[in-house]
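Undergrad: Quick mapping for you: the protein sequence lines, in order, are chains A and B. Counting from 72, one number per residue, gives the positions in the first sequence under this note's numbering. Counting from 11, one number per residue, gives the positions in the second sequence under this note's numbering. We treat Cβ as the ideally placed atom computed from N, Cα and C, and that holds for glycine. Here it is, the structure in full.
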Amino acid sequence: MAFSNKKAAPGGKQSLSVKETLLLALFVAMSLALSAVESLIPPFIPLPGVKLGLANIITLTAFGFLPRKQVFLVVVMRLFLAGLVLGTFLTPAFWISWGGGLISFFVMAIFTGRKSVSIVGVSLAGAAAHHGGQLLMVALLLSNTGVFYYLPWLFLSAVPVGLFTGFSAKSAIQALSNSGINGTI
Amino acid sequence: MAKTDRRILAGILAAALILLVFQYFAGSGSSELALEVSRPGEERLRIPISSLPQGEQGRWHIEGAAGGVYLSYWPEQGVHVDRADCPDQACVKTGFINKAGQSIVCVPNQIIIRLVALDGQGDRGKEELDGILK
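Put into structure tokens, the structure is as follows:
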């Protein structure tokens with residue numbers, strides 16, 4: 072699966088093509104829907120606000136079609152809007168999701184576009200970073216490092232989650248490619 | 011899966027296993043356990059588990075940002091949150107904790123209840139709970 076890491080538009084970074092704008096909106100909407108679905112899943116460890124990271128499916132998919140900067144926009148817009156949609160805006164759960172979302176974005180951005188790493192590998196690293204980032208945020212919010220007791224369990228749970236999001240993103244990219252949207256813009 | 015994929019997978023699993031082994035040995039000391047209650051901006055309370063009221067004898071209340079939590083200690087099972095003034099009740103669902111390092115976290119109340127190994131000269135003096143309910 073080819074990842075595109077080309078610069079946005081030849082004219083300069085300020086101009087988004089119609090296609091890019093469309094994809095951006097599409098990815099934000101889809102990841103927002105996944106965030107909403109995820110909020111219905113009961114917590115898998117006894118830490119409120121810690122989520123599986125299903126929206127990473129869309130972040131991964133976006134890496135296949137958009138340059139990194141715009142994938143970052145997808146993540147930031149999703150985190151912001153999810154707060155408004157789910158009613159968690161500016162609550163601890165909101166900041167915990169920012170911790171997970173941003174750290175997993177940066178880790179996935181590092182691994183994306185390397186020949187030796189497939190989308191599943193990027194997803195696994197992203198899931199581990201997502202869980203670690205959320206825990207880091209809980210520790211910051213409560214100014215207590217005791218919560219890192221859960222870190223090994225979070226890493227273990229990141230494996231099935233990462234495999235699931237990775238293979239989901241793989242088929243999402245294939246489906247989008249088949250529908251005529253090509254991976255390079 | 012590509013070559014580096016397997017390395018990432020192995021790295022995550024190795025990190026988890028190393029942390030688990032470390033926790034297992036850190037918590038296996040025979041020293042007495044103490045209950046540590048922390049809230050941001052306040053001094054930590056550390057109470058030796060032997061000086062806690064047991065079972066039916068008492069529940070105690072810890073004040074928190076959203077009201078507080080009610081705890082009880084059952085010698086056979088451990089420490090447990092009975093009731094909490096928060097919407098998600100995640101701390102109640104945690105159930106019993108009985109090993110060093112385990113914690114109950116209540117984000118809305120900003121309370122962390124943790125079991126720690128009491129090393130000889132622990133702060134035995136700080137036994138100030140908000141109140142014991144009989």
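1. Which residues in the same chain as Gly154(A) place their Cβ atom closer than 6 Å to its Cβ, once the five residues preceding and following it in sequence are excluded?
2. Specify the secondary structure class of Arg49(B) as computed by DSSP and reduced to three states.
3. Quick one, are the C-beta atoms of Ser61(B) and Tyr220(A) less than 7 Å apart?
4. Could you check which residue in Ile116(A), Ser102(A) and Thr132(A) has the C-alpha nearest to that of Val147(A)?
5. In chain B, what lies closer than 7 Å to Ala199(A) by C-beta?
6. Tell me, please, whether the CB atom of Pro50(B) is closer than 7 Å to any CB atom in chain A?
7. Taking a contact to mean a Cβ-Cβ separation below 7 Å, would you say Leu118(A) touches Val209(A) in this structure?
8. With a 10 Å radius around its C-beta and 16 neighbouring C-beta atoms as the bar for buried, classify Val178(A) as buried or exposed.
9. Would you say Asn249(A) lies against chain B (beta-carbon separation less than 7 Å)?
10. Which residues in chain B sit within 7 Å of Leu222(A), going by Cβ to Cβ distance?
11. For my contact list, Ala180(A) and Gly124(A) are in at a C-beta cut-off of 8 Å; report their separation, rounded to the angstrom.
12. Determine the burial state of Ser189(A): buried for a count of at least 16 other Cβ atoms within 10 Å of its Cβ, exposed for fewer.
13. Does any residue of chain A bring its CB to less than 7 Å from the CB of Asp15(B)?
14. Would you please state the rounded distance, in angstroms, between the beta carbons of Gly233(A) and Ser194(A)? I believe it to be under 8 Å.
15. Do we get a CB-CB distance below 7 Å when we pair Leu19(B) with the residues of chain A?
16. Is the shortest distance between the beta-carbon of Ile122(B) and the beta-carbons of chain A less than 7 Å?
17. Who are Val79(B)'s beta bridge partners in DSSP?
18. Taking a Cβ distance cut-off of 8 Å, strictly less, list which residues of the stretch 189 to 216 of chain A are near chain B, in chain order.
19. For Gly124(A), would you say it is in contact with chain B, using Cβ-to-Cβ distances shorter than 7 Å as the test?
20. Measuring CA to CA, which of Gln87(B), Gly21(B) and Pro97(B) is closest to Asn108(B)?
21. If you measure between the beta carbons of Leu150(A) and Trp169(A), is that distance less than 7 Å?
22. Which residues does DSSP pair with Trp84(B) in a beta bridge?
23. Closer than 8 Å is the cut-off here; do at least three beta carbon pairs connect the stretch 15 to 34 of chain B with the stretch 89 to 102 of chain B?
24. Go through its chain and collect everything with a Cβ distance to Ala75(B)'s Cβ below 6 Å, but skip five positions before and after it.
25. Would you say Ser113(B) faces chain A, with C-beta separation under 7 Å as the test?
26. Roughly how many angstroms separate the alpha carbons of Thr216(A) and Leu93(A), rounded to a whole number?
27. Check the Cβ-Cβ distances between Ala75(B) and every residue of chain A, and say whether any is below 7 Å.
28. Can you tell me the Cα-Cα spacing of Ala240(A) and Val108(A), whole angstroms?
29. Looking at chain B, is there any beta carbon in it that lies within less than 7 Å of the beta carbon of Ser187(A)?
TA: Taking the coordinates as given:
1. Translated into the one-based positions of the first sequence, residue 154(A) becomes position 83. A distance below 6 Å between beta-carbons, with the five flanking residues on each side excluded, links Gly154(A) to the following residues of its chain, in chain order: Phe160 and Phe165.
2. Working through the second sequence from its first residue, we reach residue 49(B) at position 39. In the structure shown, Arg49(B) falls within a coil segment according to DSSP collapsed to helix, strand and coil.
3. One-based indexing of the second sequence puts residue 61(B) at position 51. One-based indexing of the first sequence puts residue 220(A) at position 149. No, the pair does not count as a contact, with Cβ atoms beyond the cut-off.
4. Numbered from 1 along the first sequence, position 76 holds the residue referred to as residue 147(A). Measuring from the Cα of Val147(A), the nearest candidate turns out to be Ser102(A).
5. As a working mapping, residue 199(A) is identified with position 128 in the first sequence. Those are Ile22, listed as they occur along chain B.
6. In the second sequence, residue 50(B) corresponds to position 40, counting from 1. Output row for Pro50(B): interface = yes.
7. Your numbering for residue 118(A) matches position 47 in the first sequence. Your numbering for residue 209(A) matches position 138 in the first sequence. Using a Cβ distance threshold of 7 Å, Leu118(A) and Val209(A) count as a contacting pair.
8. For the purposes of this step, residue 178(A) is identified with residue 107 of the first sequence, where counting begins at 1. Val178(A) should be labelled buried.
9. Translated into positions along the first sequence, residue 249(A) becomes position 178. So no, Asn249(A) is outside the interface.
10. Within the first sequence, residue 222(A) is the residue found at index 151, counting from 1. Listed along the chain, the chain B residues whose CB falls inside 7 Å of the CB of Leu222(A) are Leu29.
11. Within the first sequence, the letter at position 109 stands for residue 180(A). Within the first sequence, the letter at position 53 stands for residue 124(A). In fact, because the Cβ distance is near 15 Å, the residues do not count as touching under 8 Å.
12. The sequence position of residue 189(A) within the first sequence is 118, counting from 1. The residue in question, Ser189(A), is buried, as its Cβ has 16 or more Cβ neighbours within 10 Å.
13. On the second sequence, position 5 is the one that residue 15(B) refers to. It does; some Cβ of chain A falls within 7 Å.
14. Position 162 of the first sequence, counting from 1, holds the residue named residue 233(A). Position 123 of the first sequence, counting from 1, holds the residue named residue 194(A). About 5 Å separates the two Cβ atoms, so the contact holds.
15. Residue 19(B) sits at position 9 when you count from the first residue of the second sequence. Taking Cβ atoms only, chain A reaches closer than 7 Å to Leu19(B), which makes this a yes.
16. Taking the first residue of the second sequence as position 1, residue 122(B) is located at position 112. For Ile122(B), a Cβ of chain A is located within less than 7 Å of the residue's own Cβ.
17. In the second sequence, counting from the first residue as 1, residue 79(B) sits at position 69. According to DSSP, Val79(B) bridges with Ile72(B) and Ala94(B).
18. For chain B, the residues of the stretch 189 to 216 of chain A that bring a beta carbon within less than 8 Å of one of its beta carbons are Ser189, Val191, Gly192, Leu195, Ala196, Ala199, Val209, Leu212, Leu213, Ser214 and Asn215, in chain order.
19. Counting from one through the first sequence, the residue named residue 124(A) turns up at place 53. No, Gly124(A) does not count as interfacial toward chain B.
20. As a first step, residue 108(B) is located in the second sequence; it is residue number 98 there, counting from the start. Nearest option by C-alpha distance: Gln87(B).
21. As a working note, residue 150(A) is residue 79 in the first sequence. As a working note, residue 169(A) is residue 98 in the first sequence. It is a contact, given that the beta carbons lie within the stated cut-off.
22. If you number the second sequence from 1, residue 84(B) lands on position 74. Trp84(B) pairs with Gly88(B).
23. Remark: fewer than three beta-carbon pairs, one from each stretch, lie closer than 8 Å, so the stretch 15 to 34 of chain B and the stretch 89 to 102 of chain B are not flagged as touching.
24. Position 65 of the second sequence, counted from the first residue, corresponds to residue 75(B). Only Asn119 and Gln120 meet the Cβ criterion.
25. Along the second sequence, read from residue 1 onward, the residue named residue 113(B) stands at position 103. Closer than 7 Å: yes.
26. For the purposes of this step, residue 216(A) is taken as residue 145 along the first sequence, with counting starting at 1. For the purposes of this step, residue 93(A) is taken as residue 22 along the first sequence, with counting starting at 1. So the two alpha carbons sit approximately 42 Å from each other.
27. Within the second sequence, the letter at position 65 stands for residue 75(B). Answer no: the Cβ-Cβ gap between Ala75(B) and chain A never drops below 7 Å.
28. Locating residue 240(A) in the first sequence gives position 169, where the first residue counts as 1. Locating residue 108(A) in the first sequence gives position 37, where the first residue counts as 1. Rounded to the nearest whole angstrom, the C-alpha separation of Ala240(A) and Val108(A) is 16 Å.
29. Indexing the first sequence from 1 puts residue 187(A) at position 116. For Ser187(A), the answer is yes, since a Cβ of chain B falls inside 7 Å of its Cβ.
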